[in-house]
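The structure appears below as structure tokens.
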Amino acid sequence: MITLLTDFGDFYPGVMKGVILSINPNAKIVDITHNVEPQNVLQGAFLLYHSYRYFKSAIHVAVVDPGVGSKRRALAVFTKNHVFIAPDNGICYQSAAKDGIKKIFRIDESISSLVGELSYTFHGRDVFSPAAALISLQRYDFLEEIKEMEKLDIYDFKIGEKIKCKVVYVDKFGNLITNFPKEFVKAKGYICRGVKFPLVRTYSEVEVGETLALINSFNTLELSVRNGSAAELLGIKRGNVEIELEVFL
Amino acid sequence: MITLLTDFGDFYPGVMKGVILSINPNAKIVDITHNVEPQNVLQGAFLLYHSYRYFKSAIHVAVVDPGVGSKRRALAVFTKNHVFIAPDNGICYQSAAKDGIKKIFRIDESISSLVGELSYTFHGRDVFSPAAALISLQRYDFLEEIKEMEKLDIYDFKIGEKIKCKVVYVDKFGNLITNFPKEFVKAKGYICRGVKFPLVRTYSEVEVGETLALINSFNTLELSVRNGSAAELLGIKRGNVEIELEVFL
Amino acid sequence: MITLLTDFGDFYPGVMKGVILSINPNAKIVDITHNVEPQNVLQGAFLLYHSYRYFKSAIHVAVVDPGVGSKRRALAVFTKNHVFIAPDNGICYQSAAKDGIKKIFRIDESISSLVGELSYTFHGRDVFSPAAALISLQRYDFLEEIKEMEKLDIYDFKIGEKIKCKVVYVDKFGNLITNFPKEFVKAKGYICRGVKFPLVRTYSEVEVGETLALINSFNTLELSVRNGSAAELLGIKRGNVEIELEVFL
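Protein chains in written order, with numbering that gives the first Met the number 0: chain A, 0 to 248; chain B, 0 to 248; chain C, 0 to 248.
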């Protein structure tokens with residue numbers, strides 16, 4: 000099983016599937032998302048962390064790669080139950096650490112010869128896809144063990160007079176998914192940009208059109224409007240936006 | 000075969016697939032759509048009705064679920080050739096009735112323990128996906144038979160001096176798909192919001208940029224602009240909008 | 000293996016998959032894209048040309064079909080390694096020619112009886128999907144050999160005082176993908192609509208927010224803004240737009 004998570008949007012993922020299936024025609028490929036916001040590595044890391052574990056065991060290709068074509072390394076990280084294939088920019092660090100890192104490898108980019116010439120712009124096709132396909136066939140000869148990888152903390156927040164955290168993801172409903180974890184949510188509600196969000200358990204506890212805060216399926220704090228869009232209400236249209244929250248008790 | 004139809008947009012469906020494939024690694028999963036408009040149960044019902052029958056036999060997971068986390072029931076409806084798994088809000092009623100309802104079951108939400116803790120916001124992951132996976136393995140021990148389910152009429156229209164019907168779906172081309180059935184389309188054309196739509200058989204019968212009405216692949220009346228957008232022309236950007244049609248003969 | 004490339008957007012492709020899998024339950028279906036711009040045959044042809052070859056051997060269904068319901072023919076083109084199934088409007092010509100055309104067939108539209116009645120608007124469902132499914136089962140009795148097919152040149156550009164070429168595709172990042180081929184890119188940069196785009200090898204060679212031109216993964220010239228959108232900068236929001244490029248040396 001190979002999963003794909005990228006910021007590529009449309010078309011490019013279809014090409015990746017062609018590459019994978021040409022090397023391993025029996026590969027089972029599952030799309031997680033291809034709509035990570037452009038170059039938003041933090042969002043990619045957050046969404047990977049909250050999807051990989053719903054697979055028992057899989058090869059996860061996660062490509063949000065502002066450094067494509069530069070010297071940044073391409074990684075294959077083997078963990079207890081999974082393999083993560085990604086650029087070395089922190090996108091898979093917290094997922095790998097959570098599952099338990101066993102070995103970190105650098106991918107030899109010359110495997111792009113299986114596809115064609117190595118492009119400067121689309122290593123999703125030329126490097127990461129053939130790497131996933133080869134690993135799915137238990138071929139590892141293109142991997143060189145290394146010691147370290149880039150780290151990235153998806154749960155970087157501060158509690159002081161106000162809570163400083165981030166909206167990491169805005170879903171299709173306009174819900175604002177923050178990186179403020181469940182364990183620290185102890186108030187009766189939160190004020191963000193002057194708007195009150197009373198804490199409830201689920202959307203249907205308030206009237207249509209009213210604001211609410213809840214613990215979402217990511218186990219973080221979410222700001223929402225029932226059958227409406229908190230994203231529009233607060234003018235936060237994409238992720239990786241710092242917010243300040245005031246508590247009310 | 001398991002199909003998925005939701006209003007979840009991006010990312011969340013990938014998690015559902017992880018859950019399903021962790022329980023039944025051999026499941027074949029097909030996406031119908033994940034872009035039903037938020038909370039638009041009628042649109043979900045309409046699109047399910049016009050897709051399920053193109054599968055010979057399948058388990059259809061249909062989740063547009065404004066009542067998630069409340070007391071609304073989760074259903075598994077067994078019909079002649081299919082199984083429908085959905086919240087009890089009418090979304091699968093007409094599809095199930097059309098195929099011939101054999102038995103209606105309530106899903107025991109405690110199957111969410113296969114996934115983790117039951118969330119208050121994402122039963123697509125916690126309840127409906129494991130239910131589909133278990134049923135695909137012919138495991139039924141979490142089902143309790145019930146007598147009734149919620150009903151919803153996707154063909155609710157009125158013929159009087161004017162025709163009162165609904166735009167139920169706006170496709171990517173900007174075509175306005177109504178719920179006014181083929182059998183009742185007998186005019187030379189229709190006037191909607193002051194604009195004339197002459198009835199033809201297919202788009203290419205009028206000039207580029209001109210309006211037209213036709214019987215579409217849903218077997219309902221559709222208002223369209225050749226190589227243009229009727230949605231923009233009439234200012235109808237989403238489904239579940241009541242319209243009035245005047246006939247011209 | 001069957002691939003799908005259409006301008007259908009959402010929902011309709013799910014129905015196509017139902018049709019295919021009802022005829023051949025073992026078919027493996029891969030989406031290339033369903034977001035070709037409405038009726039943009041040139042873009043469909045360009046994207047098909049740059050995806051089909053990453054599959055070793057497949058049946059490619061490519062439907063951008065402004066002439067649906069008219070007299071235009073439905074084709075199945077057998078090439079050295081692939082089969083292309085498409086309306087006869089040039090969309091698969093250059094791909095088929097590149098791989099080496101062996102035989103061109105007209106599809107008998109009466110195969111729609113496998114699905115239901117032949118609609119006037121959705122031959123993706125009624126004709127092209129059953130054709131792909133039957134061919135994947137090596138059933139060919141609905142094919143009639145013909146001599147010719149429509150042609151379309153995706154690399155139609157002119158070099159004079161200025162270069163006249165086309166933006167054929169705008170990707171999710173806002174990169175402007177032109178049809179001006181790598182072999183002719185010899186300048187230090189290009190000026191388009193008054194904006195300078197210096198030629199580099201990859202995005203990370205310029206500062207965030209700066210313009211650049213490069214040879215992309217399509218092996219054509221691309222105009223880009225690092226971590227930004229050239230589409231917004233130049234006001235080019237969709238493909239099939241003629242542009243003029245001035246060279247700087």
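By construction, the Cβ of each residue, glycine as well, lies at the ideal position given by its N, Cα and C atoms.
Listed in chain order, the non-local C-beta contacts of A:D30 below 6 Å within the same chain comprise L3, local neighbours out to five positions each way being set aside. Residues of the segment 169-202 of chain C with a C-beta atom less than 9 Å from some C-beta of chain B do not occur. Within the segment 63-87 of chain C, no run of alpha helix (DSSP H) at least 4 residues long lies entirely inside it. Contact between B:E144 and B:N174 is ruled out by a C-beta separation of about 41 Å, above the 8 Å threshold.
At a Cβ-Cβ threshold of 8 Å, B:Q38 and B:D6 count as neighbours.
The beta carbon of C:G227 is closer than 6 Å to those of G208 in its chain, skipping five residues each way along the sequence. When C-beta distances to chain C are compared with 7 Å, the residues of the segment 96-123 of chain A below that value are S118, Y119, T120 and F121, in chain order. The beta carbon of C:V240 sits no closer than 8 Å to any beta carbon of chain B. Distances from the alpha-carbon of A:L74 to those of A:F104, A:Y53, A:S94 and A:V67 put A:F104 closest. In the three-state reduction of the DSSP assignment, A:Y119 falls in the coil class.
For C:K55, the nearest CB of chain A lies under 8 Å from its own CB, placing it at the interface with that chain.
In its chain, beyond the 5 residues on either side, D107 and I110 have a beta carbon closer than 6 Å to the beta carbon of C:F141.
Annotation: A:E36 is outside any alpha helix (DSSP H) and is labelled neither H nor E by DSSP. Here A:F54 is buried, its C-beta having at least 16 other C-beta atoms within 10 Å. The three-state secondary structure of C:D140, taken from DSSP, is coil. Ranked by Cα distance from A:Q42, the options A:E182, A:A229, A:G8 and A:V167 are led by A:V167.
By a beta-carbon distance limit of 8 Å, A:L136 does not contact A:R192. Their separation comes to about 51 Å. Note that the C-beta distance between A:V63 and A:V35 is below 8 Å. According to DSSP, C:D30 shares a beta bridge with C:L3. By the Cβ-count criterion, A:K171 is buried, with 16 or more other Cβ atoms from all chains shown falling within 10 Å of its own Cβ. Inter-segment contact for the segment 124-139 of chain C and the segment 197-208 of chain C is absent: fewer than three beta-carbon pairs are separated by less than 8 Å. By DSSP's assignment, B:P24 forms no beta bridge with any residue. In the structure shown, the three-state DSSP call for C:A186 is coil. Under the Cβ distance rule, C:L20 counts among the residues neighbouring chain B, one pair being separated by less than 8 Å.
Using a CB distance below 7 Å, the part of the segment 45-69 of chain B facing chain C consists of L46, S50, Y53, F54 and K55, ordered along the chain. For a cut-off of 8 Å, the C-beta gap from C:G188 to C:F247 is around 5 Å, short enough to register as a contact.
Judged by DSSP secondary structure, A:E221 falls within the beta strand (DSSP E) whose first and last residues are T219 to V224. Distance from the CA atom of B:M15 to the CA atom of B:T120, rounded to whole angstroms, is 13 Å. Under the three-state reduction of DSSP output, B:E204 falls in the helix class. Shown here, B:E241 sits in a strand according to DSSP, grouped into three states. Put simply, of C:R71, C:K185 and C:V76 the residue whose alpha carbon is nearest the alpha carbon of C:L213 is C:K185.
At least one beta carbon of chain B lies nearer than 8 Å to the beta carbon of C:F7.
Scanning A:A57, A:F77, A:Y154 and A:I190 for the CA closest to the CA of A:N239 turns up A:Y154. Going by beta carbons, A:G13 and C:S203 fall outside the 8 Å limit.
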